[in-house]
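Student: Dropping the structure in here first, questions after.
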């Protein structure tokens, strides 16, 4: 199985998710500043989800570029990652509508955590697949940023039961950590 | 007619269907665990439809890889398959909203059955198209998994009039049967 | 401007339109056969629009295959065609919800007519573009099927003010005429 | 990072946005001419947004064609542009529902202005990226049309507080200015 069609399909899903999330952003009821302001929490949540999907798309691109062969396990690990990402519109809408509530904020974190684990599994399968670029394993190394993200997501889920805004700040912080594309990987691949 | 644009178009439809189905998953009314639990049946239906679409995408990919030339009949057989798959969001939403009701469960099975038959027709046309890989016919052989699926879908449609949950269990069982990509085909193609 | 990205963009729009139209097919209110039957007119309209979009995609594919160079006029003629096709979900939903009413049926015909004219303009520009395959002009010839369709659409729009079902039968008839891919074109291109 | 996947992803987003905007065009309540006329303002807004997205897609295509290498900054500048464009369905729906109101008209202009600035940033990064076609810089030159657009958008935002229809006329005027693809660029690239 060549990776061309896997990339094309994944790109399609990423493009749809990133644009469908904004469909939840319903036009305000009325034309006042107050009506516009009422969609602000949902807008901020949309912005955060957009940034996360951009990060995943970017890193997904680097990950697959380093890999020549795709097998069934990688295909399903990829679909598994896309499944959790496909829940972004759902949690973005729910968490945005109830931005100070515990449960939606915690569930948003659960989806982020599940997507991070799914990405970790995909990365692991690609590294161990024969025929893949050994530089990938060296470049990712101990994957400290990935491990730190998982710890931060888990902490944020717990803290959302104390105060939703703390959890939201942590979600935004992790996005900041990843906004820079994976330079280790980019650098290692360029040296080849 | 080359297959490149047929694959690109089909990938687009698969990517959209797999992500659009989740759009039916409306944010819960409220922030309680009970509100979240109320979307669980629809979520499980979404998960099942997601797995089915993933299976079809994967097998569709293998099927087209083995075939070099596309004619008008194959093009329309492909659109026929995509038509039944395009009804997944509709039946997923209906069966998920009424998960213990007979009719939505039976109609879900009818769509699964129609998609299976459409896939069978597409496969048949591709095997009999001159210029296609003769290994494909050998690899698919008597297509026992395909035949068994059709029997199971038909049985489940009948059984849904006794008890919807039995039919749902059969739908999930068939998905399990197919979750493994078509190894016969993959193996046969690799030997070439 | 190469045609690769124009084809990819058009394929994306076709794939989205063909799947988005079904989003208008809301889950029935209830689980009775009567509830299911109530979505039948919309379902039939969806089926008709699906077939039309499939026909346009297929002929669009043949048209662009014969042409090597794309200029700004062709690009905008293509966007013009896609604009009218993008109104299919809107008219499908409206005409399906009011299947015996005059105005929605007439407007459905207006969109079909406008799309046919837009396709005619695109075809004309591609034939007259320097560098295009001269066999294309020969293959399309006097384009009797295209001219007949325009006359039938215009007649149906008029007749919808007498009886909506006559117009709907004509729309289905024109789709039948086109269901066979453009064999003249396919044959002419194969001889090359 | 090669530009192929960036183009494919961007094409996907453009195709989705251009078709999703029309989803906001709900079927009229009723079958009278008055009901149809009531969707006219939203239809005109959809048409304007469609034209703007077509212009951006066309110019985006020319911009990337001239550039061989993509880096992380260009990737994020591209996502930044797509973010503002992804708000088109939202503002189109809001401004179309309240076509004589100040705030929706002004916010429509703010999104247009932000997209124009994002395009400016992307263009700037591509010109200054090593390995890019130096003809691009020469072709774009002082980018008078880009500068004029920004001034017109800003003026329209201000004028929308006097009279919404003046601002809307200016938005339509800027679209007219850009409807012609960037001939300077096309000409310069053809000479190479």
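Protein chains in written order, with our numbering: chain Z, 1 to 192; chain R, 1001 to 1192; chain L, 2001 to 2192; chain W, 3001 to 3192. Virtual Cβ for every residue (Gly too), placed ideally from N, Cα, C.
Counting along the chain, where does the alpha helix (DSSP H) carrying residue 2007 of chain L start and finish?
Tutor: As a first step, residue 2007 of chain L must be located in the third chain, where it is residue number 7. Unbroken alpha helix (DSSP H) run through residue 2007 of chain L: 2003 to 2020.
Student: Using three-state DSSP, classify residue 70 of chain Z as helix, strand or coil.
Tutor: Here residue 70 of chain Z refers to the residue found at position 70 when the first chain is read from its first residue. Looking at residue 70 of chain Z - three-state DSSP - the assignment turns out to be coil, as it is neither helix nor strand.
Student: Quick check on DSSP: helix, strand or coil for residue 2026 of chain L?
Tutor: Counting from one through the third chain, the residue named residue 2026 of chain L turns up at place 26. Here residue 2026 of chain L sits in coil by DSSP.
Student: For residue 1119 of chain R, go through chain Z and note every residue whose CB falls closer than 8 Å to its CB, in chain order.
Tutor: Taking the second chain and counting its residues from 1, one reaches residue 1119 of chain R at position 119. Going along chain Z, no residue has its Cβ under 8 Å from residue 1119 of chain R, so there is no contact; the nearest lies around 18 Å.
Student: In terms of residue numbering, what span does the alpha helix (DSSP H) encompassing residue 194 of chain Z cover?
Tutor: This structure cannot speak to residue 194 of chain Z, because chain Z is shown only from 1 to 192.
Student: State the Cα-Cα distance for the pair residue 1072 of chain R and residue 161 of chain Z, rounded to the nearest angstrom.
Tutor: One-based indexing of the second chain puts residue 1072 of chain R at position 72. One-based indexing of the first chain puts residue 161 of chain Z at position 161. Whole-angstrom Cα-Cα distance: 59 Å.
Student: Answer with yes or no whether the minimum CB distance from residue 3094 of chain W to chain Z is below 8 Å.
Tutor: Taking the first residue of the fourth chain as position 1, residue 3094 of chain W is located at position 94. Interface residue, yes.
Student: At a CB distance below 8 Å, what residues from the region 75 to 103 of chain Z approach chain R? Give them in sequence order.
Tutor: Within the region 75 to 103 of chain Z, the residues whose Cβ lies closer than 8 Å to some Cβ of chain R are 75, 76, 79, 82, 83, 86, 87, 89, 90, 93, 94, 97, 98, 101, 102, 103, listed in chain order.
Student: Got a sec: is the Cβ-Cβ distance from residue 2157 of chain L to anything in chain W below 8 Å?
Tutor: Counting from 1 along the third chain, the entry for residue 2157 of chain L is found at position 157. Not an interface residue.
Student: Can you name the residues of chain Z whose CB is closer than 7 Å to the CB of residue 3005 of chain W?
Tutor: Counting from 1 along the fourth chain, the entry for residue 3005 of chain W is found at position 5. Residues of chain Z passing the Cβ test: 7, 11, 61.
Student: Within the 8 Å Cβ cut-off, does residue 2171 of chain L reach chain R?
Tutor: Within the third chain, the letter at position 171 stands for residue 2171 of chain L. Not closer than 8 Å to any Cβ of chain R, the Cβ of residue 2171 of chain L fails to qualify, so no.
Student: Measure the CB-CB distance between residue 3045 of chain W and residue 3095 of chain W and report whether it falls below 8 Å.
Tutor: Mapped onto the fourth chain, residue 3045 of chain W falls at position 45. Mapped onto the fourth chain, residue 3095 of chain W falls at position 95. Yes, the pair counts as a contact, with Cβ atoms nearer than the cut-off.
Student: Identify whether residue 2100 of chain L lies in helix, strand or coil by the three-state DSSP scheme.
Tutor: Stepping through the third chain from its first residue, residue 2100 of chain L is reached at position 100. In this structure, residue 2100 of chain L counts as coil in the three-state DSSP scheme.
Student: So, does the CB of residue 2017 of chain L fall closer than 8 Å to a CB anywhere in chain W?
Tutor: Residue numbering aside, residue 2017 of chain L sits at position 17 when the third chain is read from its first letter. Yes, its Cβ sits closer than 8 Å to a Cβ of chain W.
Student: Can you pull the chain Z neighbours of residue 1025 of chain R, defined as C-beta to C-beta under 7 Å?
Tutor: Translated into positions along the second chain, residue 1025 of chain R becomes position 25. 90, listed in chain order.
Student: Taking CB distances under 8 Å as the criterion, tell me whether residue 1110 of chain R reaches chain L.
Tutor: Working through the second chain from its first residue, we reach residue 1110 of chain R at position 110. Not one chain L Cβ lies under 8 Å of residue 1110 of chain R.
Student: The alpha helix (DSSP H) with residue 1038 of chain R in it runs from where to where?
Tutor: As a working mapping, residue 1038 of chain R is identified with position 38 in the second chain. Counting along the chain, the alpha helix (DSSP H) containing residue 1038 of chain R begins and ends at 1033 to 1038.
Student: Mind checking the region 3038 to 3059 of chain W against chain Z and listing, in chain order, the residues whose C-beta falls within less than 7 Å of any C-beta there?
Tutor: Taking 7 Å as the Cβ-Cβ cut-off against chain Z, none of the residues of the region 3038 to 3059 of chain W qualify.
Student: Which of helix, strand or coil does DSSP assign to residue 3053 of chain W?
Tutor: As a first step, residue 3053 of chain W must be located in the fourth chain, where it is residue number 53. DSSP places residue 3053 of chain W in helix when its eight states are reduced to three.
Student: Would DSSP call residue 3079 of chain W helix, strand or coil?
Tutor: As a working note, residue 3079 of chain W is residue 79 in the fourth chain. Helix at residue 3079 of chain W.
Student: Suppose you measure from the CA of residue 2038 of chain L to the CA of residue 3150 of chain W; what does that come to, to the nearest Å?
Tutor: As a position in the third chain, residue 2038 of chain L is number 38, starting the count at 1. As a position in the fourth chain, residue 3150 of chain W is number 150, starting the count at 1. Rounded to the nearest angstrom, the two C-alpha atoms are 51 Å apart.
Student: So, for residue 1173 of chain R: in the same chain, excluding its five sequence neighbours on each side, which residues have a beta-carbon less than 8 Å away from its beta-carbon?
Tutor: Indexing the second chain from 1 puts residue 1173 of chain R at position 173. For residue 1173 of chain R, where only same-chain residues beyond five positions count, the Cβ hits under 8 Å are 1152.
Student: Quick one, are the C-beta atoms of residue 19 of chain Z and residue 88 of chain Z less than 8 Å apart?
Tutor: Sequence index remark: in the first chain, residue 19 of chain Z carries index 19 (1-based). Sequence index remark: in the first chain, residue 88 of chain Z carries index 88 (1-based). Taking 8 Å as the Cβ cut-off, residue 19 of chain Z and residue 88 of chain Z do not qualify as a contacting pair.
Student: Using a beta-carbon distance below 8 Å, is residue 2177 of chain L in contact with chain R?
Tutor: Counting from 1 along the third chain, the entry for residue 2177 of chain L is found at position 177. So no, residue 2177 of chain L is outside the interface.
Student: Tell whether a beta-carbon distance below 8 Å holds between residue 123 of chain Z and residue 63 of chain Z.
Tutor: What you label residue 123 of chain Z is simply residue 123 of the first chain in a count that begins at 1. What you label residue 63 of chain Z is simply residue 63 of the first chain in a count that begins at 1. Their beta carbons are under 8 Å apart, which means residue 123 of chain Z touches residue 63 of chain Z by this criterion.
Student: What does the alpha-carbon distance come out to for the pair residue 97 of chain Z and residue 1015 of chain R?
Tutor: Numbered from 1 along the first chain, position 97 holds the residue referred to as residue 97 of chain Z. Numbered from 1 along the second chain, position 15 holds the residue referred to as residue 1015 of chain R. Each residue's alpha carbon lies about 27 Å from the other.
Student: Are residue 2012 of chain L and residue 1109 of chain R touching if we call contact CB-CB under 8 Å?
Tutor: In the third chain, residue 2012 of chain L corresponds to position 12, counting from 1. In the second chain, residue 1109 of chain R corresponds to position 109, counting from 1. No, the pair does not count as a contact, with Cβ atoms beyond the cut-off.
Student: Is the distance from the Cβ of residue 85 of chain Z to the Cβ of residue 53 of chain Z below 8 Å?
Tutor: The sequence position of residue 85 of chain Z within the first chain is 85, counting from 1. The sequence position of residue 53 of chain Z within the first chain is 53, counting from 1. Yes, the pair counts as a contact, with Cβ atoms nearer than the cut-off.
Student: For a cutoff of 8 Å on Cβ pairs, would you count residue 3031 of chain W as touching chain L?
Tutor: Locating residue 3031 of chain W in the fourth chain gives position 31, where the first residue counts as 1. Yes - at least one Cβ of chain L is within 8 Å of the one on residue 3031 of chain W.
Student: Distance check for residue 169 of chain Z and residue 2040 of chain L, CA to CA, integer angstroms please.
Tutor: Within the third chain, numbered from 1, the residue matching residue 2040 of chain L stands at position 40. Within the first chain, numbered from 1, the residue matching residue 169 of chain Z stands at position 169. Near 49 Å, if we compare the C-alpha coordinates of residue 169 of chain Z and residue 2040 of chain L.
Student: Just tell me which of W/3155, W/3069, W/3023, W/3058 has its CA closest to the CA of residue 3003 of chain W.
Tutor: Taking the first residue of the fourth chain as 1, we reach residue 3003 of chain W at position 3. For the residues W/3155, W/3069, W/3023, W/3058, the minimum Cα distance to residue 3003 of chain W belongs to W/3069.
Student: Helix, strand or coil: how does DSSP classify residue 3087 of chain W here?
Tutor: Walking along the fourth chain from the start, residue 3087 of chain W turns up at place 87. Residue state, collapsed to three classes: coil.
Student: Do you know offhand how far residue 3025 of chain W's Cα is from residue 3036 of chain W's?
Tutor: In the fourth chain, the residue the question calls residue 3025 of chain W occupies position 25. In the fourth chain, the residue the question calls residue 3036 of chain W occupies position 36. Each residue's Cα considered, the two are about 11 Å apart.
Student: Are the CB atoms of residue 3093 of chain W and residue 27 of chain Z within a distance shorter than 8 Å?
Tutor: One-based indexing of the first chain puts residue 27 of chain Z at position 27. One-based indexing of the fourth chain puts residue 3093 of chain W at position 93. Closer than 8 Å, so yes.
Student: Nearest-angstrom Cα distance between residue 1009 of chain R and residue 3090 of chain W?
Tutor: Sequence index remark: in the second chain, residue 1009 of chain R carries index 9 (1-based). Sequence index remark: in the fourth chain, residue 3090 of chain W carries index 90 (1-based). In a straight line, the C-alpha of residue 1009 of chain R is about 27 Å away from that of residue 3090 of chain W.
Student: Of all the CB atoms in chain Z, is at least one closer than 8 Å to the CB of residue 3192 of chain W?
Tutor: Within the fourth chain, numbered from 1, the residue matching residue 3192 of chain W stands at position 192. Unreliable positioning characterises residue 3192 of chain W in this predicted model, as indicated by a pLDDT of 49, which lies under 50. The coordinate reading is nonetheless provided below. No, no contact with chain Z.
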